[in-house]
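Below: one structure, written as structure tokens.
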Amino acid sequence: MEGAGQEPFLVCASRNFRVALPLSSVIETLRPLPVDPVGGMPPFVLGLSVIRGEPTPVVDSGLLLSSAPIENPSRFVTLKAGGRPVALSMDAVIGVRNLAAQALSGLPPLLKSASQEAVQAIGVLDQALLVVLQAARVIPESLWPGLEAGKAGP
Numbered sequence: 252m253e254g255a256g257q258e259p260f261l262v263c264a265s266r267n268f269r270v271a272l273p274l275s276s277v278i279e280t281l282r283p284l285p286v287d288p289v290g291g292m293p294p295f296v297l298g299l300s301v302i303r304g305e306p307t308p309v310v311d312s313g314l315l316l317s318s319a320p321i322e323n324p325s326r327f328v329t330l331k332a333g334g335r336p337v338a339l340s341m342d343a344v345i346g347v348r349n350l351a352a353q354a355l356s357g358l359p360p361l362l363k364s365a366s367q368e369a370v371q372a373i374g375v376l377d378q379a380l381l382v383v384l385q386a387a388r389v390i391p392e393s394l395w396p397g398l399e400a401g402k403a404g405p
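Going by our numbering, 343 is the number at position 92 of the sequence shown; the sequence numbering is gapless.
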């Protein structure tokens, strides 16, 4: 049961980070599926995977948050990102946790300047750094036309 000022998040592991995704944005978790690369994308966008019959962009959460990819993801987490599905590759899904807003803080100025649009807040959970992602900003709006063009392939 949610307490006052708490919100449910799906907590996952990505490299050395714990990643919190608002449960309201999570569609499902699933085993990783094959991914077809799409040219012209930044390194953190691995390509497209067919999930539930729909071409879905796959983002490497390790590269999104750091410079190291997730070598062998154990799970994909699909999210609603501005009305479109996106899959994040994760090392593991830890579970659902209610997090209090006061336990999270905005980004320090140094991280804001690093242009991490997808990161909403940071905190600590079970002695590990916790990064809260904004689902709608995992893939910048400017990349969607290229991804949609990739859908129309042969």
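Idealized CB from N, CA, C, for every residue including glycine.
Residue i: first and last residue of the uninterrupted beta strand (DSSP E) it sits in
{"i": "S312", "result": "That residue, S312, is in no beta strand (DSSP E); its alpha helix (DSSP H) goes 312-316."}
{"i": "R348", "result": "343-351"}
{"i": "G374", "result": "370-376"}
{"i": "I278", "result": "277-281"}
{"i": "V286", "result": "Note, V286: premise wrong, no beta strand (DSSP E); not H, not E."}
Burial state of residue i, where buried means 16 or more other Cβ atoms lie within 10 Å
{"i": "P324", "result": "buried"}
{"i": "D287", "result": "exposed"}
{"i": "S275", "result": "exposed"}
{"i": "P285", "result": "exposed"}
{"i": "R269", "result": "buried"}
{"i": "A332", "result": "buried"}
{"i": "P294", "result": "exposed"}
{"i": "D377", "result": "exposed"}
{"i": "V389", "result": "buried"}
Straight-line Cα distance separating residue j from residue i
{"i": "L394", "j": "G291", "result": "9 Å"}
{"i": "V301", "j": "G346", "result": "25 Å"}
{"i": "G298", "j": "V328", "result": "15 Å"}
{"i": "P396", "j": "L350", "result": "35 Å"}
{"i": "A369", "j": "L330", "result": "13 Å"}
{"i": "V310", "j": "Q257", "result": "27 Å"}
{"i": "E399", "j": "A338", "result": "15 Å"}
{"i": "S366", "j": "A319", "result": "Interpretation of S366 is limited by its pLDDT of 40, a score under 50 that renders its predicted location unreliable; the figure taken from the coordinates is listed afterwards. If you take the alpha carbons of S366 and A319, they lie about 17 Å apart."}
{"i": "E279", "j": "L355", "result": "24 Å"}
{"i": "L381", "j": "L316", "result": "11 Å"}
{"i": "S265", "j": "P306", "result": "23 Å"}
{"i": "V262", "j": "P391", "result": "22 Å"}
Residue i - partner residues in DSSP beta bridges
{"i": "G298", "result": "V309"}
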